[in-house]
Every structure is written in C-alpha cells, then in structure tokens.
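Numbering of the sequence shown is given in my numbering, commencing with residue 305 and proceeding in unit increments. For glycine and all other residues, C-beta sits at the position ideal for the given N, C-alpha and C.
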Amino acid sequence: VAPPQEAGEGYLTFIFSRKWLKALPSVKASVVVLPPLEGLSSPSHATYILVDDVGDAMIKLLSIFFEPPYSRDVGVSPQAFVSPGAVLEEGAVVYPFAFVDDGAVIGRMAVVMPYVYVGKRARVGDGAVLFPSVVVYPEVEIGDGTIVHAGAVLGADGFGYMEREGRRVKIPQVGGVKVGRDVEIGANTCVDRATMGFTQIGDGTKLDNLVQVGHNVRIGQNCAFAGQVGISGSVEVGDGVLMGGQAGVADHARVGNRAILTAKAGVMGGVPDGAVVTGTPAMPHANWKKVQVFINKLPQLVERIRNLEKALEELKGGEDVHSKDS
C-alpha cells in the first residue's frame, strides 16, 4: 500500500478526487480504489475498484492487510510487576516491565505494553491499548477501546497554586481523570487530574500528539484536537469541536458544540455553537479575513495618514498667516 505517486507494481493505492484523473495513466499501482469518475478507463497494467466511499474502503482494507503493532497472545509476562491486589480480567495482556499497582483493574482483552505504569485504583477498560511508557496515575479511568500512545501522561497534578505571603503555595490536586470510550490520545499528550472531581474526555474524542488538557476541563464527545493544542483549567468544550494546531483556550472559557478553532487561535472568552474562529484574540473567521486585508495594506495606509497630517498642518499654517494679515 502506498500513495498514488509512490505506488509501484504490486501495490494497492487510493484515489479520492477527480484531480487525479489526468494523472491516472501514470499511476503504476496494480490495484487502484477510486470513486466512479466520468471518462474513466482502466489501463492494462492495473485493476480499478470503484466504490462510493473511498475513505470507508481504505479503512476496511488497511484493517484487513495490516496487523496492529502489538499482540494479544503475550498474556501476562512474568517480567511485569502486577500487584497481588490488582485485577486482570479475562484476556488482559501485560508486557514485560509494565507496572500495575494495587487496586488497578485491567479490562478484558486490554493491552498494557512495556514500561507502562498503571497507578492505584486506576481502571483500564475492555480492549483498551496503552503503548510503551504511558503513565496512568491513581484514580484514572480509561474507557473501553481507548488507545493511549507512547509517553502520554494521564492524571498528573493540575497547575493549581495560590499566592500566600509572596510565595506560590500548591493546592492539593485530589481529583481524577475520566476518559471515555473509543478515545485516542496521542504521544506525549498530558491530561491533568482535577483539583476536585474529574477532568473528563468524552466518548470518541481524538487528541493528537503534544496536547495539554488542564485540570477540571470537560471535553465533549467526538472532538478532534491537532498537535500542541492547549486547554487551560476548568474549560468546557462541547461535542464535535475541532481545534487546529497550537490553538489555545484560556481558563474557564466555554467552547460551544461543533465550533471550529483554526490553527493558533487564542480563545479568551466564549465561542458560540457552530462558530469558526481565528486569530489571537480569536474572532469570527470572516472578520479575521477582513482584518488581514487591512494588515497587508498597513504600510500604504500609514504613509497616506502621514501625508494627510502634513497637508493638514500646511493648511492650518496658511490659515494662521491669512488671519494675521487681516
């Protein structure tokens, strides 16, 4: 399997749009999956498979041809440390050098890979997968089918301090984290535990690598956040929200259902349902585009203002002379 421009003989590839139609004869893949396109003719070297939804076909075919990078046949390695007080449900897999602490529960068919730490009274749901070096602090709940990639940290202390007599005093972070079902958390992403209560991530939400979720944040279902998104403490995010890379949300703000934050958007207050916002501070995307037009013209506008000011000063000077003469 390879992209169209890289696929050679013996390869399977996928075409999503008609922009590739003219280039199709040069695609050297043996099998091409593509939508029905007007004027399409199959060359002798390739087989074309026409489908209505190429994306859906790609997901199914890749799932058939490629095995996941872990095995559920490992069982529980004798080189792992599993506390006598931990619970491993049927089919749970624990790789060598993992550490499962007292009171932790590893669900049915869940996979805990090397160097993972699962803290006291944490729960890993059925079929969940924890990639190497994931840290699951105590009192963290991970839903069924959730995937947590390497180096992610769930349940570290939230960034909570009070100033007392000129010094920062730590507020004990005694809450937990609840991660829903079918969530995917990228490598080196951090989800902080709540000060009290829970930091929550809804079912089906996907977090890219290097995302920071602060304490007591509540994220709805089926959201998607790109890399380096930062969510400050006590933010509420609705369902179906999309955030581009390096977008940020200030503490206690609310982002409405199906809102879109484009890359590097900086939200200081609320974002209504369905809104698309851009820039820092974030504004409606249509307004931002108008602002950009004026920013590009700023040098000319500044020069024009200077010329107008100069002309105004000259006009005032002339009026003063005329006044003295009269």
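Quick check on the DSSP output: the alpha helix (DSSP H) that includes residue i runs from which residue to which?
{"i": "Ala590", "result": "His589 to Asn600"}
{"i": "Gly359", "result": "Val358 to Phe369"}
Going by DSSP, what residue range makes up the beta strand (DSSP E) through residue i?
{"i": "Asp496", "result": "Cys494 to Asp496"}
{"i": "Arg471", "result": "Arg471 to Lys474"}
{"i": "Arg468", "result": "Tyr465 to Arg468"}
Alpha carbon to alpha carbon, what distance is there between residue j and residue i?
{"i": "Ser536", "j": "Ala426", "result": "24 Å"}
{"i": "Pro308", "j": "Gly343", "result": "19 Å"}
{"i": "Ile475", "j": "His453", "result": "29 Å"}
{"i": "Phe529", "j": "Leu546", "result": "6 Å"}
{"i": "Arg339", "j": "Ile446", "result": "Checking the sequence shown, residue 339 turns out to be Pro, not Arg. Rounded to whole angstroms, Pro339 to Ile446 spans 38 Å at the Cα level."}
{"i": "Asn276", "j": "Thr582", "result": "Nothing in the structure corresponds to residue 276, since the chain is present only between 305 and 630."}
{"i": "Glu285", "j": "Ile489", "result": "Look at the range of the chain in this structure, 305 to 630, and you will see that residue 285 is not part of it."}
{"i": "Glu443", "j": "Trp592", "result": "43 Å"}
{"i": "Gly501", "j": "Val517", "result": "15 Å"}
With DSSP run on the structure shown, which of helix, strand or coil describes residue i?
{"i": "Ala530", "result": "coil"}
{"i": "Gly621", "result": "helix"}
{"i": "Ala615", "result": "helix"}
{"i": "Glu607", "result": "helix"}
{"i": "Arg558", "result": "strand"}
{"i": "Arg522", "result": "strand"}
{"i": "Glu322", "result": "The residue asked about is misnamed: residue 322 is Arg in this sequence, not Glu. Helix."}
{"i": "Leu328", "result": "helix"}
{"i": "Ala460", "result": "strand"}
{"i": "Val539", "result": "coil"}
{"i": "Lys424", "result": "coil"}
With a threshold of 16 other CB atoms inside 10 Å of the CB of residue i, please say whether the residue is buried or exposed.
{"i": "Phe598", "result": "exposed"}
{"i": "Asp512", "result": "buried"}
{"i": "Ile505", "result": "buried"}
{"i": "Gln604", "result": "exposed"}
{"i": "Thr584", "result": "exposed"}
Identify, in the order they occur along the chain, each residue of the same chain with its Cβ nearer than 8 Å to the Cβ of residue i, setting aside the five sequence neighbours on each side.
{"i": "Asp507", "result": "Gly447, Gly484, Arg485, Asp486, Val487, Gln525 and Asn526"}
Only counting the same chain, and skipping five residues up and downstream in sequence, which positions put a Cβ closer than 6 Å to that of residue i?
{"i": "Val533", "result": "Val515, Met547 and Ala551"}
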